[in-house]
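Working notes for the structure below.
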Amino acid sequence: MVAMNHELLLGWWDTAARDLPWRRPDCTAWGVLVSEIMLQQTPVSRVEPIWHEWLARWPVPSAMAASSQGEVLRMWGKLGYPRRAMRLHEAATAIARDHGDVVPSDVETLESLPGIGSYTARAVATFAYGQKCAVVDTNVRRVVARAVHGAGDAGPPSTKRDLRDVEAILPSSQQDAAVFSAALMELGALICTARNQKCADCPLFAECAWQLAGRPAYAGPEKKAQKFAGTDRQVRGKLLDVLRGAPGPVPKMQLDVVWNDITQREKCLVSLLDDGLVEVTRDGLFALPGEH
DNA sequence: CATTCGTGGCG
DNA sequence: TCGCCAAGAAT
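Spelled out as structure tokens, the structure:
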């Protein structure tokens with residue numbers, strides 16, 4: 016594929032795009048930001064119900080800033096990676112205090128906020144404000160690897176190179192660029208998936224470099240499978256789940272029962288305290304931050 | 001640049 | 001069953 020045929024993808028988007036709440040015209044920039052944070056490493060199906068609860072409860076950043084971190088962690092529930100919720104609370108506080116309660120529109124300022132990196136900053140600038148900039152997530156990387164480079168899958172991420180790759184195929188029109196980015200991501204999510212890709216339904220089938228090359232297998236460096244069972248991540252999750260399930264502060268014994276390995280358990284509790292996800296009360300009880 | 005950080009569903 | 005995967009960021 017020498018040059019991406021934008022019309023094919025834009026046309027497909029019109030007929031195939033999912034009707035997600037954060038894509039509706041009445042969705043605020045804050046709503047878009049919340050969705051982007053929640054969607055990091057997390058499937059749409061699990062995000063959607065929580066997103067509705069959040070926007071109903073905290074329609075603007077200042078509303079969330081007025082809530083405690085513990086309250087935010089409870090509302091986050093089991094979405095995973097709870098530090099995202101903490102950082103979003105921090106970001107909401109900064110937006111309310113420093114930006115007039117308006118989510119910033121330029122990539123630079125967005126990236127300066129906690130929890131907002133290269134992808135999320137560009138996603139908000141593009142999807143909430145219609146700006147023209149490259150948006151690179153795992154879906155886009157995979158689609159570009161196949162359709163443009165003819166590889167079976169994307170190699171290890173490289174922020175600078177990945178950005179250049181996508182900038183090279185971005186439509187010149189600002190309006191098209193925003194839809195194009197959304198469509199690229201949608202294609203990766205629905206058609207050009209990691210496994211069991213649906214090439215027969217792909218709008219780029221005829222010009223896809225991977226198809227034209229005979230769909231060679233991924234040739235890059237081996238990807239390390241992420242373990243979970245037995246990791247600190249699992250232990251931290253169990254500890255935090257106790258606090259989420261309790262109405263208030265709990266004695267340490269309640270935390271001790273969730274994991275047998277004392278050394279690992281204590282290490283994880285300390286790390287949760289370090290991250291500000293857990294606090295100790297005056298009475299030596301353990302609580303979600305701000306809930307005592 | 002490589003690791004760490006949750007959780008659950010699916011083939 | 002269990003490895004793999006799901007809109008990344010911070011360090």
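Sequential numbering from 16 applies to the first sequence in our numbering.
All residues carry an ideal CB built from backbone N, CA and C; glycine is no exception.
If the five residues before and after PHE142 are omitted, its C-beta is found closer than 6 Å to the C-beta atoms of VAL47, all from its own chain and listed in chain order.
Fewer than three beta-carbon pairs drawn from the segment 262-278 and the segment 52-62 are found closer than 8 Å, and the two stretches are therefore not classed as touching.
Apart from the 5 residues on each side of it in sequence, ASP152 sits with its Cβ closer than 7 Å to the Cβ of TYR134 and MET200 in its chain, given in chain order. In the DSSP assignment, the residues bridged to GLU294 are ALA302. Within the same chain, and ignoring the five residues on either side of HIS104 in sequence, the residues whose Cβ sits closer than 7 Å to its Cβ are MET79, GLN84 and VAL87.
Excluding five sequence positions before and after ILE206, the CB atoms of its chain that fall closer than 6 Å to its own CB belong to LYS213, ASP216 and CYS217, given in chain order.
Burial state of ILE52 is buried, judged by a 10 Å Cβ sphere holding 16 or more other Cβ atoms.
The distance from the Cβ of HIS21 to that of PRO186 is about 5 Å, consistent with a contact at the 8 Å cut-off.
LYS267 and LYS147 have their C-alpha atoms roughly 51 Å apart. If you check the CB distance, VAL139 and ALA44 come in under 8 Å.
One thing to note: VAL257 has its Cβ no nearer than 8 Å to the Cβ of GLN249. When rounded, the separation of the alpha-carbon atoms in ASP191 and ALA197 is 10 Å.
Per DSSP, the unbroken alpha helix (DSSP H) holding ARG99 starts and ends at 98-113.
Of the other Cβ atoms in all chains shown, fewer than 16 fall within 10 Å of the Cβ of ARG176; this residue is therefore exposed. When ARG112, PRO304, PHE195 and VAL265 are compared, the shortest CA-CA separation from ASP290 is found for PRO304.
Looking at the DSSP output, VAL265 bridges to PHE301. Counting only unbroken stretches of 4 or more residues, the alpha helix (DSSP H) elements lying wholly within the segment 195-260 are 224-227 and 247-260, in sequence order. Counting only the Cα atoms, THR246 lies some 28 Å from THR208.
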